[in-house]
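Participant:
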Amino acid sequence: FISARHAEREYDSNSDVFVVSAEGGDPRPVTDSNGGCATPVWSPDGQSIAYLARVLRPNGHTAWEVHVLALDGSSDDVIYTAPDWFSGGWDVRNLWGWSPDGQWLLVRTNGSYGDRLRRLKTDGSGVIELIGSDENGQGYGAASYSPDGSQIVFARRPGAGGPTPNSLEIQPAPWSIWIADVATGTA
Numbered sequence: 002f003i004s005a006r007h008a009e010r011e012y013d014s015n016s017d018v019f020v021v022s023a024e025g026g027d028p029r030p031v032t033d034s035n036g037g038c039a040t041p042v043w044s045p046d047g048q049s050i051a052y053l054a055r056v057l058r059p060n061g062h063t064a065w066e067v068h069v070l071a072l073d074g075s076s077d078d079v080i081y082t083a084p085d086w087f088s089g090g091w092d093v094r095n096l097w098g099w100s101p102d103g104q105w106l107l108v109r110t111n112g113s114y115g116d117r118l119r120r121l122k123t124d125g126s127g128v129i130e131l132i133g134s135d136e137n138g139q140g141y142g143a144a145s146y147s148p149d150g151s152q153i154v155f156a157r158r159p160g161a162g163g164p165t166p167n168s169l170e171i172q173p174a175p176w177s178i179w180i181a182d183v184a185t186g187t188a
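Position 20 (the sequence shown) corresponds to 21 in the numbering used here; numbering is contiguous.
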């Protein structure tokens with residue numbers, strides 16, 4: 002889980018990742034961030050946690066890095082650092098989970114072109130775009146791998162929607178559930 006409460010420092014609004022034994026006990030921080038952490042997810046084997054860490058860029062903008070932390074303390078690897086969104090790059094917005102084999106992370110990214118669902122190799126060696134945005138700029142909600150890792154289920158909302166029949170006010174479009182094949186990216 003994440004929390005900004007630390008026994009050893011004053012509340013500073015920077016959240017960190019904590020773990021606690023299933024039997025109970027005191028939570029223990031496993032990160033010590035300067036910019037905050039978000040969305041920790043356990044690896045399938047329970048030996049690692051992937052999480053997002055917010056970093057400050059030299060130009061003053063912030064972005065998220067994707068980390069994979071070994072719980073034995075042997076490593077905290079940055080597997081993806083977003084290029085500057087304002088120069089046409091894309092930033093990670095959500096980290097949803099590991100593939101069942103522990104080789105990939107499922108993320109939602111956002112850039113000047115809209116939302117995309119992508120897979121990141123957990124060793125940092127590759128990025129695959131699964132589903133892209135269309136000209137209406139649809140959004141993506143929570144996503145998860147199937148138990149065998151061959152498919153991904155995700156929520157999708159078409160662009161901003163359109164006017165309602167009796168109003169000129171723009172209404173948000175409804176969410177729908179989609180299934181995509183991991184090998185082809187077709188939904």
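Where is the CB? At the ideal position from N, CA and C, for every residue including glycine. A quick note: this is a predicted structure, and the numbers were derived from the prediction, not measured.
At what residues does the beta strand (DSSP E) containing F19 begin and finish?
Facilitator: Within the sequence shown, numbered from 1, the residue matching residue 19 stands at position 18. Its beta strand (DSSP E) spans residues 17 to 20.
Participant: Would you tell me roughly how many angstroms separate the C-alpha atoms of W179 and R109, rounded to the nearest one?
Facilitator: Here residue 179 refers to the residue found at position 178 when the sequence shown is read from its first residue. Here residue 109 refers to the residue found at position 108 when the sequence shown is read from its first residue. Roughly 15 Å separates the two Cα atoms.
Participant: State yes or no: is the C-beta of P41 within less than 8 Å of the C-beta of P101?
Facilitator: What you label residue 41 is simply residue 40 of the sequence shown in a count that begins at 1. What you label residue 101 is simply residue 100 of the sequence shown in a count that begins at 1. Cβ atoms of P41 and P101: not closer than 8 Å.
Participant: Quick check on the burial criterion: 16 or more other C-beta atoms within 10 angstroms. Buried or exposed for T123?
Facilitator: Here the question's residue 123 lines up with position 122 in the sequence shown. Under this definition T123 is a buried residue.
Participant: Using a Cβ-Cβ cut-off of 7 Å (strictly less than) and excluding sequence neighbours within five positions of A71, which residues of its own chain qualify?
Facilitator: Looking up residue 71 in the sequence shown gives position 70. Within the same chain, A71 has close Cβ partners Q48, S49.
Participant: From Y81 to N111, what distance separates their C-alpha atoms?
Facilitator: Numbered from its first residue, the sequence shown carries residue 81 at position 80. Numbered from its first residue, the sequence shown carries residue 111 at position 110. For Y81 and N111, the distance between alpha carbons rounds to 14 Å.
Participant: Using the three-state DSSP reduction, which class does A83 fall into: helix, strand or coil?
Facilitator: In the sequence shown, counting from the first residue as 1, residue 83 sits at position 82. If DSSP states are grouped into helix, strand and coil, A83 belongs with coil.
Participant: Among the residues of its own chain, which have a CB less than 7 Å from the CB of Q104, if the five just before and after it don't count?
Facilitator: Counting from one through the sequence shown, the residue named residue 104 turns up at place 103. Once the five neighbours on either side are set aside, the close Cβ partners of Q104 are K122, T123.
Participant: Where does A64 land, buried or exposed, given buried means 16+ other C-beta within 10 angstroms?
Facilitator: One-based indexing of the sequence shown puts residue 64 at position 63. A64 should be labelled buried.
Participant: In this structure, does DSSP put L72 in helix, strand or coil?
Facilitator: As a position in the sequence shown, residue 72 is number 71, starting the count at 1. Looking at L72 - three-state DSSP - the assignment turns out to be coil, as it is neither helix nor strand.
Participant: Can you list, in chain order, the residues of its chain with a C-beta nearer than 6 Å to that of V21? Leave out the 5 residues immediately preceding and following it.
Facilitator: Residue 21 sits at position 20 when you count from the first residue of the sequence shown. Closer than 6 Å at Cβ, skipping near neighbours: P28.
Participant: Where D73 and V31 are concerned, what is the direct C-alpha to C-alpha distance, given to the nearest angstrom?
Facilitator: Position 72 of the sequence shown holds residue 73. Position 30 of the sequence shown holds residue 31. If I take the Cα positions, the gap works out to 10 Å.
Participant: Could you check if G26 is buried or exposed, using at least 16 other CB atoms within 10 Å of its CB as the buried criterion?
Facilitator: Here residue 26 corresponds to residue number 25 of the sequence shown, with the count starting at 1. Burial call: exposed.
Participant: Can you list, in chain order, the residues of its chain with a C-beta nearer than 6 Å to that of A184? Leave out the 5 residues immediately preceding and following it.
Facilitator: Locating residue 184 in the sequence shown gives position 183, where the first residue counts as 1. None.
Participant: Report the residue from F155, V93, S16 whose alpha carbon sits nearest the alpha carbon of S177.
Facilitator: Counting from 1 along the sequence shown, the entry for residue 177 is found at position 176. Considering only alpha carbons, the answer is F155.
Participant: Between which two residues does the beta strand (DSSP E) holding F155 run?
Facilitator: One-based indexing of the sequence shown puts residue 155 at position 154. Residues 152 to 158.
Participant: Do you know how far the Cα of G98 is from the Cα of Y146?
Facilitator: The sequence position of residue 146 within the sequence shown is 145, counting from 1. The sequence position of residue 98 within the sequence shown is 97, counting from 1. Cα-Cα distance, rounded: 8 Å.
Participant: Whose C-alpha, out of S76, L53, S75, D78, is nearest the C-alpha of F2?
Facilitator: As a first step, residue 2 is located in the sequence shown; it is residue number 1 there, counting from the start. Selected option, being the one with the closest Cα: L53.
Participant: Taking DSSP as the reference, what is the three-state secondary structure of G98?
Facilitator: Indexing the sequence shown from 1 puts residue 98 at position 97. In the structure shown, G98 sits in a strand (DSSP, three-state: E or B).
Participant: Buried or exposed for N95, please, with buried defined as at least 16 other CB atoms from any protein chain shown within 10 angstroms of its CB.
Facilitator: Taking the first residue of the sequence shown as 1, we reach residue 95 at position 94. It is buried - the Cβ of N95 has at least 16 other Cβ atoms within 10 Å.
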